[in-house]
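Okay, so the sequence shown: first residue is 0 according to numbering that gives the first Met the number 0, each after it adds one.
Glycine is no exception: its CB is placed at the ideal position from the N, C-alpha and C atoms.
As the structure is a computational prediction, the values presented were derived from the model and not from experiment.
Data block below; observations after.
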Amino acid sequence: MSGEITFTIDGTEVRGQAGQSILQAAAMASIYIPHLCAKRGLTAWGSCRVCTVLVNGRPQAACIQPIAEGIVVENDTEGLRAMRRELIEMLFVEGNHFCPFCEKSGNCELQAMGYRLGMLAPQYPYFFPVRDVDASHPDLFLDRNRCILCARCVRASQELDGKNVYGFVGRGADKHIAANAANGLVGTDAAVTDMASEACPVGSLMKKRVGYAIPIGQRMYDTKPIGTDIESGSARAQAGGGR
Ligand code: FES
Numbered sequence: 000m001s002g003e004i005t006f007t008i009d010g011t012e013v014r015g016q017a018g019q020s021i022l023q024a025a026a027m028a029s030i031y032i033p034h035l036c037a038k039r040g041l042t043a044w045g046s047c048r049v050c051t052v053l054v055n056g057r058p059q060a061a062c063i064q065p066i067a068e069g070i071v072v073e074n075d076t077e078g079l080r081a082m083r084r085e086l087i088e089m090l091f092v093e094g095n096h097f098c099p100f101c102e103k104s105g106n107c108e109l110q111a112m113g114y115r116l117g118m119l120a121p122q123y124p125y126f127f128p129v130r131d132v133d134a135s136h137p138d139l140f141l142d143r144n145r146c147i148l149c150a151r152c153v154r155a156s157q158e159l160d161g162k163n164v165y166g167f168v169g170r171g172a173d174k175h176i177a178a179n180a181a182n183g184l185v186g187t188d189a190a191v192t193d194m195a196s197e198a199c200p201v202g203s204l205m206k207k208r209v210g211y212a213i214p215i216g217q218r219m220y221d222t223k224p225i226g227t228d229i230e231s232g233s234a235r236a237q238a239g240g241g242r
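Below is the structure:
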């Protein structure tokens, strides 16, 4: 087929289409590459680096690296698992992620990734940053303590909702998510039906009055690790495409 590209991931032959990223082609082949800032339906962002793979021996972010004929991709190796675990640990210590009482617990991709990668107590000291919560909106709240700066809400607002509700302000350790209005979220055109509020992988952008609605044991990652949908092929079937 024209445009078809053949390469390998961990020794398995994978066929993809020209223009696909390694992450997309892998998902089509039911191969899970851990990722956080990437989300199906959104433009790739390439910030979290959790999707790092080795391409012909060199580290690349699978969500933004296009496939090419004959490349040799390493994904599920002990070295890459350790690196991803360390990235997740850094995200945990950099923010304030108190899983036991977080509304997103059990449905949180960061937490689920920590479990999948076998994270135990972080080896780095906790920052315990002081960050504020924007609860000004009647139906939504923005808890910056839990934000991992993945920009999924920023992209979903622009690309799916046709709005421009969220953006980043500040630099370095001061960088944080903000609502595009002087008086916070309430001053924007954010709505509870926006795709942006579905896009947050953690408990940062949440709907009010729905926390803890799903009992423990029935939450998304209570029984199946993150990535199971891709490994079983169900994500591909639902989407009719890649990730
Ligand atoms: Fe690729 Fe975040 S998923 S850099």
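Helix, strand or coil for S20, going by three-state DSSP, please let me know. strand
Inter-residue Cα distance where the pair is G240 and S156: With a pLDDT of 43 at G240, under the threshold of 50, the modelled position of that residue is not reliable, and the figure given next carries that caveat. Each residue's alpha carbon lies about 22 Å from the other.
Tell me whether C36, by its Cβ, gets closer than 7 Å to a heavy atom of ligand 1. yes
Please give the ranges of any alpha helix (DSSP H) in the stretch 47 to 98, keeping only runs that are unbroken, at least 4 residues long and fully inside the region. 77 to 93
Distance, Cα to Cα, V191 vs D138? 6 Å
Any non-hydrogen atom of ligand 1 closer than 7 Å to C107 Cβ: no
Report the option in G226, H175, S233 and M205 whose CA atom is closest to the CA atom of Q50. The sequence given here has Cys at residue 50, not Gln. When each option's Cα is compared against that of C50, the closest is G226.
With respect to 7 Å, is the separation between the Cβ of V191 and the closest non-hydrogen atom of ligand 1 below this value? no
Is C47 close to ligand 1? I mean its beta-carbon at under 7 Å from any heavy atom of the ligand. yes
Is the separation between the beta-carbon of I21 and that of V72 shorter than 8 Å? yes
If you run the structure through DSSP and keep just helix, strand and coil, what is V185? helix
Every unbroken alpha helix (DSSP H) within the stretch 150 to 180, with a cutoff of 4 residues, ordered by chain: Qualifying alpha helix (DSSP H) stretches, in chain order: 151 to 158.
Nearest-angstrom Cα separation, counted from R154 out to G216: 31 Å
In chain order, what residues of the same chain have a beta carbon less than 7 Å from the beta carbon of F243, not counting five sequence neighbours either side? With the chain covering only 0 through 242, there is no way to say anything about residue 243.
Apply the 10 Å Cβ neighbour rule to Y165 and answer buried if 16 or more other Cβ atoms are within range, or exposed otherwise. buried
8 Å Cβ cutoff met for R115 and P33: The beta carbons of R115 and P33 sit closer together than 8 Å.
Can you tell me whether I213 is helix, strand or coil according to DSSP? coil
Anyone know if the C-beta pair for A232 and S29 falls short of 8 Å? The question names Ala, but residue 232 is Gly in the sequence shown. Taking 8 Å as the Cβ cut-off, G232 and S29 qualify as a contacting pair.
Taking the alpha-carbon of R39 as reference, which of L53, C62 and S203 has the nearest alpha-carbon? Ranking the options by Cα distance to R39, first place goes to C62.
If you drop the 5 nearest sequence neighbours on each side, which residues of the same chain put their C-beta closer than 6 Å to that of C101? Taken in chain order, the residues that qualify are G202.
Opposing strand residues paired with F100 [DSSP bridges]: Note: F100 sits in no beta bridge, so no partner.
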